[in-house]
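Residue numbers 847 to 1092, in the working numbering, belong to the letters of the sequence shown in order. One structure is given below, encoded as structure tokens.
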Amino acid sequence: MTDSPTETAKPGFLSDVTVELVKHSAADSDVLWAARVSTAGEQSLEELTKDPERSKGLINYLMRDRHGSPFEHNSMTFFISAPIFVFREFMRHRVGWSYNEESGRYRELQPVFYVPGQDRKLVQEGRPGKYVFVDGTPEQHELTSRVMEDSYRQAYEAYQEMLAAGVAREVARAVLPVGLFSSMYATCNARSLMHFLGLRTQHEQAAVPSFPQREIEMVGEKMEAEWAKLMPLTYAAFNKNGRVAP
Ligand SMILES: Cc1cc2nc3c(=O)[nH]c(=O)nc-3n(C[C@H](O)[C@H](O)[C@H](O)COP(=O)(O)OP(=O)(O)OC[C@H]3O[C@@H](n4cnc5c(N)ncnc54)[C@H](O)[C@@H]3O)c2cc1C
């Protein structure tokens, strides 16, 4: 897998991330089917649509009592484009996840970089574990955008200079910053996604608060919105039970 060198592209600066649900086989009925095989054996598929209230109750019971395995019989594949520093955090989630990321060895990396938007709280106050983030001033926003963009341009020029001189992509990429966008496919199931969301989003219904970096939370929020549409009963039970993965 190799790409021929392209013409030098102009750096682009983004303040948002992209999340697309590209493939899925995920429904509340998958949870019910898996749970009911315990008691109903092969007949369990027929039971699914009989009594919706009972189905809702069963999903809630499984969530509340942390019977987690029935939430694993489903699959969601997301395309995600986000800065490398988000992927560093993301790939710490090992269990129930599969990843494939674009290669900086096989292709020339494109100059798309992250710059915080105006709504991104810029100033950190407090001590580790007790941080609070507050709005930056217009001057801090202006400085952040300007310094980041200058630094990104300089780094990308250095990358291009090395490529033009024949240095291998895998060597030249060392000068690129973690604000560079990368892309990946991430496949998970509802149980592994719930564990991720419990740690990487903040939510008023969370029984155990977490304090994720805003940019991975932006990815999590978009994944959550897709998942909520696919498995509304499971999603409601997750929230009702404090957003703790079963
Ligand atoms: C707010 C926040 C701050 C963080 N800060 C840091 C930091 O400063 N430095 C840092 O290095 N990381 C940090 N992390 C990453 C964190 O330590 C975890 O690696 C990450 O959240 C993935 O969680 P996990 O291991 O539970 O998930 P997964 O890897 O998906 O594992 C899921 C579950 O499987 C079980 N499991 C998986 N592997 C093992 C194992 N080897 N042994 C026993 N049980 C296992 C555990 O029950 C685990 O919860 C931070 C995470 C968050 C949310």
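Cβ coordinates follow ideal geometry from the N, Cα and C atoms, glycine included.
Taking the Cα of S944 as reference, the smallest distance to any Cα among V932, E954, S921 and G963 is reached at S921.
The Cβ atoms of H1041 and R1089 do not sit closer than 7 Å to each other. DSSP places H1041 in the helix class (H, G or I) of the three-state scheme.
Residue environment: F1057 is assigned as exposed (fewer than 16 neighbouring CB atoms within 10 Å of its CB, all protein chains considered). With the criterion CB distance below 7 Å from any heavy atom of ligand 1, the matching residues run E935, R938, H939, R940, V941, G942, W943, S1038, H1041, L1045, R1046, S1056, F1057 and P1058 along the chain.
Here DSSP, grouped into helix, strand and coil, assigns F1057 to coil. L867 has its alpha-carbon roughly 8 Å from the corresponding atom of M1069.
The beta-bridge partner set that DSSP reports for Q970 consists of F979.
Look at S991 here: in three-state DSSP terms it is helix. Following the DSSP letters along the chain, one finds E947 in no alpha helix (DSSP H) but inside the beta strand (DSSP E) bounded by residues W943 to E947. Around the beta carbon of V865, 16 or more other beta carbons lie within 10 angstroms, which makes this residue buried.
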